[in-house]
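In my numbering, the protein residues as written are 3 to 870. Built from N, CA and C at the ideal position, the CB exists for glycine as well. Remember, predicted model here, so these are calculated numbers, not experimental data. For reference, the structure discussed in these notes is given below.
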């Protein structure tokens, strides 16, 4: 066993680094975070200086054990997790675990960091070890504690006031507010009509179109990109067009020609945020996908004889700085491939906008610019190639000379009262544009004419006029946020940090607070209800400025300028007081999720739209009425915030009776899982193209009989007295007892299986099936009772194994941990006492199940800032 142990986060990185360090080192991976707060209330104790109770993450227990085992025989330990706040925290957690297990006695433990996975960077890092940075750990712990406290205290309020299962997060909630407020702007928007006028000029050398800039002696702003509301209807626009055409007399006269040369500087090299934005704009990548692909490029790619090499520097960074070595490398490539004219006399220097660019100390760049995209393309997947090319081009372009552009503007008069203007921009010297041009969310006005060349003209020239035309337009509402524009807005407001944006967006989508439609975010009704409630009652905690100030204070902790406990106290005291106040003073109506639309004409009872147990719905009547309220689900695309009374009443036409088939009534309705057709006890979901409000009897019967035919063919074999069935599934035959699904060996005929065989196969391969929404279904409770009985008949070791397996299947991770100690004690006693101990283990399993059930009712802290 090597005497040096080095620990990184990912196995891919471990494999690459191990090749660089050689046989004197053992390199192991932690597989990300190794510990997290216990998932229950009290994990952070404000009364004890915010003491935090951690436990090893179950899925990483085996990796932690492997690290501990290797640490026993190592003399020197090096913690080489990622060079950011999260990486620093992971190193600290590993050190704490090893310390608790007594494995650091007489051993050296040091922290090393590298921002690229290359032999040179690894060698330099190993020569500059340091201690774990306590300030960075404190900042990460403070973020984690804040996220936990916000989640565990705000989420239960949402459950009581809006709907069970909701959550609120410290950074997630302001991000949701942005999306909701933009949607409200769109809904409140009133379109305005306006008209523009253009002249189509038939110049002998090149035709062109000019925009009106002066009408009846007054400025007309259409050519500046600004809207002009001088002409707001068709009649006035047509009258103006006729006046201009008459004044022009068939030609426009050139009155002025101006030429202006300007420089355009290249954009800075990528930070995490700008990489996410540009990958979204140019490649269509989500923020999450961008970070996943970048992670692969950073950790290393096999490049044939060269071996595995990290192609880019660390991708979580706020900095636009480049090292001297990287700049020299890039300048060599520019001189070689684009000539010395493309190389500035001195390197271009960029300043970081962030006040605390501490995540890593360089921008995202290629580890060697000499590895061109063309040279490495054959070793990369399509996505890896595209992203590497984007990073490489941006880094190279940032060190090139500015582009030189020449813009020519020509003013043309139509008589003495009207004028037009046409502009064209040509590239005099492409400079950095030969390599890369930054993408834009919307094209700037100054670039509308870029690339268009105009024929030579001089004052006094008369240009033949083909025709003058007027065009109708309407103002457009502000666009919904795309991933790129949302990331940009979050960064501008200082909300969260770029390394967390992917997880923020993923959380909003995962909670179904927002939907991504046509690459833009639309809030769901539940998301709007959550945002409106928090904005109304916890205003400060979704305020953009407040959130940004808190981020700055957390950054000050990382710089050692502020104590994290004092910061936590300053946040916690008013926050906790407000939560307690709202718990007692708010009633259900305070959610903002209830809209009274009017009265039902038939009954006179109120009609309202609200968030119900299963989502948005409309309701006639109230729970206080003698007659029970009536409920109806919304159609796809409808919102409780925009629904009108007549639209709501239309929804109560469900269920619709369509007629009879095979002596039974056929109806169509809308249920929890969407629209359906029903005959007898058979329910068949409608297809996407079927409208439940217009579907006919024939189509409904077809869907029902299709469903019945599938059901008849689904069962291959049943066993009297057993719940187990052999079924036909989407991916082939399988076993199921209604909760657990089991595998069938490929070499067995499913129809020939016996009860004993399927029972054994279920015991060996049975796993929870998946429900309507793709979530794993809970295992049956019966196996737990059966396991307890089995353990009373066997030896102690089988008792332990069976009890543990039954509990784990029944209740998952929480129950499994709760019964470990009881099971372990069972195995420590003689076999004669096994029944009593097994019974105790079974009792513990029941307690564990209750604890697990209770735990699921607790609010789950949404960690906006750390990828736990």
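Asked	Found
Between which two residues does the beta strand (DSSP E) carrying residue 524 extend?	522-525
Looking at C-alpha atoms only, which residue of 310, 241, 7 is the closest neighbour of residue 121?	310
Per DSSP, residue 431 is paired with what?	406
If we ignore side chains and look at the alpha-carbon of each, how far apart do residue 573 and residue 145 end up?	12 Å
Which residue comes first and which comes last in the beta strand (DSSP E) that contains residue 17?	First-last for residue 17: 13-23, but that is the alpha helix (DSSP H), not the beta strand (DSSP E).
Starting from the Cα of residue 2, find the closest Cα among 78, 415, 302 and give me that residue.	The requested residue 2 is not part of the displayed model; the chain covers only 3 to 870.
Rounded to a whole number of angstroms, what is the C-alpha to C-alpha distance between residue 197 and residue 477?	11 Å
Where are the alpha helix (DSSP H) runs, 4 residues long or more, that stay fully inside the stretch 313-352, in chain order?	326-340
Can the beta-carbon of residue 398 be found closer than 8 Å to that of residue 335?	yes
Does DSSP classify residue 714 as helix, strand or coil?	helix
Can you tell me where the alpha helix (DSSP H) with residue 546 in it begins and where it stops?	546-560
Look up residue 725 in the DSSP assignment and say whether it is helix, strand or coil.	coil
Could you tell me the boundaries of the alpha helix (DSSP H) in which residue 506 lies?	503-512
Threshold first: 3 residues or longer. Then list the beta strand (DSSP E) segments lying entirely within the stretch 625-649, N to C.	632-635
Mind checking which residues open and close the alpha helix (DSSP H) that includes residue 65?	63-75
Hey, out of 168, 81, 390, whose CA is closest to residue 130's CA?	81
Any chance the stretch 143-162 sits against the stretch 50-67, with 3 or more Cβ pairs inside 8 Å?	yes
Are the CB atoms of residue 289 and residue 483 within a distance shorter than 8 Å?	no
Compare the beta carbon distance of residue 406 and residue 430 with 8 Å and say whether it is the shorter of the two.	yes
Name the DSSP beta bridge partners of residue 736, please?	729
Let me know the secondary structure DSSP gives residue 668 once reduced to three states.	strand
Using 8 Å as the threshold, is the C-beta distance between residue 672 and residue 696 below it?	no
With a threshold of 8 Å on Cβ separation, who are the neighbours of residue 473 within its own chain once the five nearest residues in sequence on each side are excluded?	197, 198, 199, 200
Could you give the C-beta distance for residue 182 and residue 731, rounded to a whole number, given that I count them as a contact under 8 Å?	The Cβ separation is near 41 Å, so there is no contact.
Thinking C-beta only, is residue 23 closer than 8 Å to residue 76?	no
Can you tell me where the alpha helix (DSSP H) holding residue 390 begins and where it ends?	384-399
Taking all protein chains shown into account, do 16 or more other C-beta atoms lie within 10 angstroms of the C-beta of residue 45, making it buried, or fewer, making it exposed?	buried
For residue 129, which of helix, strand or coil comes out of DSSP?	coil
Which value, in whole angstroms, describes the spacing of the CA atoms of residue 242 and residue 411?	24 Å
Express the C-alpha separation of residue 733 and residue 678 in angstroms, rounding to a whole number.	25 Å
Go to residue 89, then tell me how far its alpha helix (DSSP H) extends in each direction, as first and last residue.	87-102
Determine the DSSP secondary structure at residue 35, reduced to helix, strand or coil.	coil
In whole angstroms, give me the CA-to-CA distance for residue 554 and residue 524.	29 Å
Please state the DSSP three-state secondary structure of residue 539.	helix
Between the beta-carbon of residue 177 and the beta-carbon of residue 517, is there less than 8 Å?	no
Any chance you could list the beta strand (DSSP E) runs of at least 3 consecutive residues sitting entirely within the stretch 212-280, in chain order?	253-266
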